[in-house]
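Trainee: Numbering (this note's numbering), first residue to last: 127 to 200. The beta-carbon is built from N, C-alpha and C at its ideal position, and this holds for glycine as well. Structure incoming, see below.
So, in structure tokens, the structure goes:
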């Protein structure tokens, strides 16, 4: 089950992939079908990462995290 981490809502555009970068900010990168798009930072909220979690943008547009399921690892 995922838990919401961020309080800022991200407005999505078609043709972009959204992810949480190493710096803690949400970034957007153009997909292969979007030839004119440019990579850029979205929003101003910085998220601190914790080890063992997968971070993503949920359907509502907020940053969420879920515990990674790794067999044989802690």
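1) Short check: CB of residue 188 to CB of residue 168, under 9 Å?
2) Of all the options 130, 156, 176, which has the alpha carbon lying nearest to the alpha carbon of residue 148?
3) Going by DSSP, name the residue or residues bridged to residue 166.
4) So, at 8 Å on beta carbons, what are the nonlocal neighbours of residue 153 in its own chain, with the 5 sequence-adjacent residues on each side left out?
5) Assuming residue 131 is part of the beta strand (DSSP E), what are its boundary residues?
6) Who pairs with residue 183 in a beta bridge, going by DSSP?
Mentor: According to the structure data:
1) The answer is no: Cβ separation not under 9 Å.
2) 176
3) 154
4) Listed in chain order, the non-local C-beta contacts of residue 153 below 8 Å within the same chain comprise 144, 145, 146, 147, 165, 166, 167, 168, local neighbours out to five positions each way being set aside.
5) Residue 131 -> no beta strand (DSSP E), and no H or E assigned at all.
6) Bridge partners of residue 183 according to DSSP: 189.
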